[in-house]
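Visitor: If you scroll down you'll find the structure; I have some questions about it.
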Amino acid sequence: MAYYRQLGTVPAKRHTQHRTPNGELYLEELMGEDGFSSDSSLLYHQHIPSAIVDATVWDLHDQTTTPNHPLKPRHLKLHDLFPAGVVADTDVVTGRRLILGNTDVRIAYVVAAKKSPLYRNSIGDELVYVESGSATVETVFGAFEVTQGDYVLIPRSTTHRWVPHGELRAYAMEANSHIGPPKRYLSKSGQLLENAPFCERDLHGPTDILLATGTDVDVLAKHRGSTGIVGTRFTYAQHPFDVVGWDGCLYPYSFNISDFEPITGRVHQPPPAHQAFEGENFVICNFVPRKVDYHPLSVPVPYYHSNVDSDEIMFYVGGDYEARKGAGIGPGSISIHPGGHSHGPQPGAYEASVGAEFFDELAVMVDTFRPLELGEGALACEDAEYAWSWAGRGPDA
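Structural data, given as structure tokens:
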């Protein structure tokens, strides 16, 4: 879902002449999804957008994964992954450490202060959550500012780069598909409905065209290879940020989690009530500060539940998550509750929640419908005692 926008100059009719002040033709590029059958935009370049002069291998950070076997819930401490001394030389693209992954989505984490290289993901859309800090996101569509709490949706194959303003913490969800609002929130023509927890006014796209110049400009591209995900460094004859205008319904945008309006009820609402986005075989939900259940006999924390069809990944961003009190979880934590394991509140949290009227918690949840495996980043920051926290003792007790 995206609504029509125009930035810069475009001709009155698509696929017709659009000329420079000197009478030369601008070069029209269609960027579209699903083989000319879905959302698209038309971009007008000063130079040939496919003119490359070199292509070399880009060696990606470790992309290997390890099965969650034996199957158990896990707690990861992401804030332990990036020592203060390395942040100044780390960027949002090449510095990502893989946390979890399967054939549908990969989740990575990074703390960075350095401008990233030009980059595009040719495998699927990226949704990057800004845990803290701020940045300018420069794209072939133009530039826009992002800040703490922003989701930044970058459509597949959009050339862009991140320019942090100081230290930036980012949680990147890289899909093998497109990402958008749940279909149940959309009208037949794609408008967000009245029952959706956000609307088009909450989406913020590029505000300024970028007319960068330069020759022999490198762009890193992530794409599919015979052995999995691989990288290529393309060298372009001219800078790709040469677009004088564009229009259409496909472009990057930001959405701040504070603009998500929680859906509440008399009794506990199931996780789909918190959903904000979906991709192929996964969903993304927001748990935000909210009034909670107001039935006189309600139990506000979640009931125990078995993830029969999905792995549940919760990234704790702020506040005090009521159901996890006593488990060692706090801001910067990820909990992994895999399909096949029943989970729910920690001992004491169920009874303690009775009578609560408000939860001050902030978390991003990813539910996948295929098992997730552990990336090298997960293996480097695991709290090995978490799995036994419901029982209060481990196998050696």
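Just so you know, the sequence shown maps onto residues 1 to 397 in UniProt numbering.
For glycine and all other residues, C-beta sits at the position ideal for the given N, C-alpha and C.
With a threshold of 16 other CB atoms inside 10 Å of the CB of Ile48, please say whether the residue is buried or exposed.
Guide: For the purposes of this step, residue 48 is identified with residue 48 of the sequence shown, where counting begins at 1. Counting Cβ neighbours within 10 Å, Ile48 comes out exposed, since fewer than 16 surround it.
Visitor: From Ala112, Asp383, Phe282, pick the residue whose C-alpha is nearest to that of Gly328; which is it?
Guide: Here residue 328 corresponds to residue number 328 of the sequence shown, with the count starting at 1. Of the candidates Ala112, Asp383, Phe282, the one whose C-alpha sits nearest the C-alpha of Gly328 is Asp383.
Visitor: Using only CA atoms, which one of Ala363, His337, Glu126, Trp246 lies nearest to Val10?
Guide: In the sequence shown, residue 10 corresponds to position 10, counting from 1. The candidate whose alpha carbon is nearest that of Val10 is Trp246.
Visitor: Any idea which residues DSSP pairs Tyr171 with across the strands?
Guide: Position 171 of the sequence shown, counting from 1, holds the residue named residue 171. Beta-bridge pairing links Tyr171 to Tyr109, Tyr129.
Visitor: Quick check on residue 409: does DSSP put it in helix, strand or coil?
Guide: There is no way to answer for residue 409, as the model of the chain reaches only from 1 to 397.
Visitor: Hey, Thr207 and Phe144: beta-carbon distance below 8 Å or not?
Guide: For the purposes of this step, residue 207 is identified with residue 207 of the sequence shown, where counting begins at 1. For the purposes of this step, residue 144 is identified with residue 144 of the sequence shown, where counting begins at 1. It is a contact, given that the beta carbons lie within the stated cut-off.
Visitor: Pull up the distance between the alpha-carbon of Thr283 and that of Ala196, whole angstroms please.
Guide: Locating residue 283 in the sequence shown gives position 283, counting from the first residue. Locating residue 196 in the sequence shown gives position 196, counting from the first residue. In the sequence as presented, Thr is not what sits at residue 283; that position holds Val. Their backbone Cα atoms lie some 15 Å apart in a straight line.
Visitor: Quick one: Cα of Glu174 to Cα of Pro296, how far?
Guide: By 1-based counting over the sequence shown, the position of residue 174 is 174. By 1-based counting over the sequence shown, the position of residue 296 is 296. Glu174 and Pro296: Cα-Cα distance of roughly 42 Å.
Visitor: Which residue wins for smallest C-alpha separation from Leu379, given the options Val57, Thr64, Glu33, Gly8?
Guide: Here residue 379 is taken as the residue at index 379 of the sequence shown, counted from 1. Out of Val57, Thr64, Glu33, Gly8, Thr64 has the C-alpha closest to the C-alpha of Leu379.
Visitor: In this structure, does DSSP put Leu98 in helix, strand or coil?
Guide: As a working note, residue 98 is residue 98 in the sequence shown. Reduced to three states, the DSSP call for Leu98 is strand.
Visitor: Nearest to residue 458 by CA position, among Arg233, Pro300, Pro164, is which residue?
Guide: The requested residue 458 does not occur in the structure, where the chain is confined to residues 1 to 397.
Visitor: Tell me, which residues are paired with Gly32 by DSSP?
Guide: Position 32 of the sequence shown, counted from the first residue, corresponds to residue 32. According to DSSP, Gly32 bridges with Ser40.
Visitor: Can you name the start and end residues of the beta strand (DSSP E) that Leu25 belongs to?
Guide: On the sequence shown, residue 25 is found 25 positions in, with the first residue counted as 1. Looking at the DSSP string, Leu25 is not in any beta strand (DSSP E), and its letter there is neither H nor E.
Visitor: Suppose the cutoff is 6 Å on Cβ atoms and the five residues either side in sequence are ignored; what does the same chain contact list for Tyr294 look like?
Guide: If you number the sequence shown from 1, residue 294 lands on position 294. Within the same chain, Tyr294 has close Cβ partners Arg266.
Visitor: Can you check whether the CB of Gly214 is closer than 8 Å to the CB of His239?
Guide: In the sequence shown, the residue the question calls residue 239 occupies position 239. In the sequence shown, the residue the question calls residue 214 occupies position 214. Contact flag set, yes.
Visitor: Using the Cα positions of Val87 and Ala113, report the straight-line distance between them to the nearest angstrom.
Guide: The count along the sequence shown starts at 1 and reaches residue 87 at position 87. The count along the sequence shown starts at 1 and reaches residue 113 at position 113. If you take the alpha carbons of Val87 and Ala113, they lie about 6 Å apart.
Visitor: Could you tell me if Gly124 is buried or exposed, where buried requires 16 or more neighbouring beta carbons within 10 angstroms of its beta carbon?
Guide: Looking up residue 124 in the sequence shown gives position 124. The residue in question, Gly124, is buried, as its Cβ has 16 or more Cβ neighbours within 10 Å.
Visitor: For Ser342, which of Gly332, Gly330, Asp309, Gly149 has the nearest alpha-carbon?
Guide: For the purposes of this step, residue 342 is taken as the residue at position 342 of the sequence shown. Looking at the Cα atoms, Asp309 is the closest of the given residues.
Visitor: How big is the Cα-Cα spacing for Thr235 and Ile229?
Guide: As a first step, residue 235 must be located in the sequence shown, where it is residue number 235. As a first step, residue 229 must be located in the sequence shown, where it is residue number 229. If I take the Cα positions, the gap works out to 20 Å.
Visitor: At which residues does the alpha helix (DSSP H) containing Gly377 begin and terminate?
Guide: Reading the sequence shown from its first residue, position 377 is the one you call residue 377. Where Gly377 is concerned, the enclosing alpha helix (DSSP H) stretches over 376-380.
Visitor: Provide the residue span of the beta strand (DSSP E) that contains Tyr316, from first to last.
Guide: By 1-based counting over the sequence shown, the position of residue 316 is 316. Tyr316 -> beta strand (DSSP E) spans 311-319.
Visitor: For the stretch 266-281 against the stretch 161-169, do three or more pairs of beta-carbon atoms, one drawn from each stretch, fall closer than 8 Å, so that the two count as touching?
Guide: No, the stretch 266-281 does not touch the stretch 161-169.
Visitor: State the beta-bridge partners of Gly231 as determined by DSSP.
Guide: To locate residue 231, count along the sequence shown from 1; it is residue 231. Bridge partners of Gly231: Trp58, Lys222.
Visitor: Quick check: the stretch 347-363 against the stretch 78-86, are there 3 or more CB pairs under 8 Å?
Guide: Contact fails: fewer than three Cβ-Cβ distances are below 8 Å.
Visitor: Nearest to Val92 by alpha carbon, out of Leu27, Tyr171, Leu43?
Guide: Taking the first residue of the sequence shown as position 1, residue 92 is located at position 92. Val92 has its Cα closest to that of Tyr171, out of Leu27, Tyr171, Leu43.
Visitor: In the DSSP assignment, what are the bridge partners of Phe369?
Guide: Counting from one through the sequence shown, the residue named residue 369 turns up at place 369. None; Phe369 has no bridge partner.
Visitor: Please confirm whether Phe141 and Leu203 have their CB atoms less than 8 Å apart.
Guide: If you number the sequence shown from 1, residue 141 lands on position 141. If you number the sequence shown from 1, residue 203 lands on position 203. For Phe141 and Leu203, no; Cβs fall outside 8 Å.
Visitor: So, helix, strand or coil for residue 411, using DSSP?
Guide: Outside the shown range of the chain, which is 1 to 397, sits residue 411, and nothing can be said about it.
Visitor: As a quick exercise: from Glu28, Pro262, Gly344, pick the residue whose alpha carbon is nearest that of Val292.
Guide: For the purposes of this step, residue 292 is identified with residue 292 of the sequence shown, where counting begins at 1. When each option's Cα is compared against that of Val292, the closest is Pro262.
Visitor: Between Asn68, Gln346, Ser50, Ser132, which lies nearest to Leu372 when the distance is taken from Cα to Cα?
Guide: Counting from 1 along the sequence shown, the entry for residue 372 is found at position 372. That would be Asn68, whose Cα lies nearest to the Cα of Leu372.
Visitor: Grouping DSSP H, G and I as helix and E and B as strand, with all else coil, what is Arg156?
Guide: Taking the first residue of the sequence shown as position 1, residue 156 is located at position 156. In the structure shown, Arg156 sits in coil (DSSP, three-state: anything other than H, G, I, E or B).
Visitor: In whole angstroms, give me the CA-to-CA distance for Asn121 and Thr94.
Guide: Here the question's residue 121 lines up with position 121 in the sequence shown. Here the question's residue 94 lines up with position 94 in the sequence shown. One C-alpha to the other measures close to 12 Å.
Visitor: Quick one: grab the DSSP three-state call for Tyr386.
Guide: The residue labelled residue 386 in the question sits at position 386 within the sequence shown. Helix at Tyr386.
Visitor: In three-state terms, what does DSSP make of Glu200?
Guide: Reading the sequence shown from its first residue, position 200 is the one you call residue 200. Glu200: helix per DSSP, three-state reduction.
Visitor: Could you pull the start and end residues of the alpha helix (DSSP H) that Val86 belongs to?
Guide: Taking the first residue of the sequence shown as position 1, residue 86 is located at position 86. Run containing Val86: 84-87, per the alpha helix (DSSP H) assignment.
Visitor: The beta strand (DSSP E) with Tyr350 in it runs from where to where?
Guide: Residue numbering aside, residue 350 sits at position 350 when the sequence shown is read from its first letter. No beta strand (DSSP E) holds Tyr350; the alpha helix (DSSP H) holding it covers 349-352.
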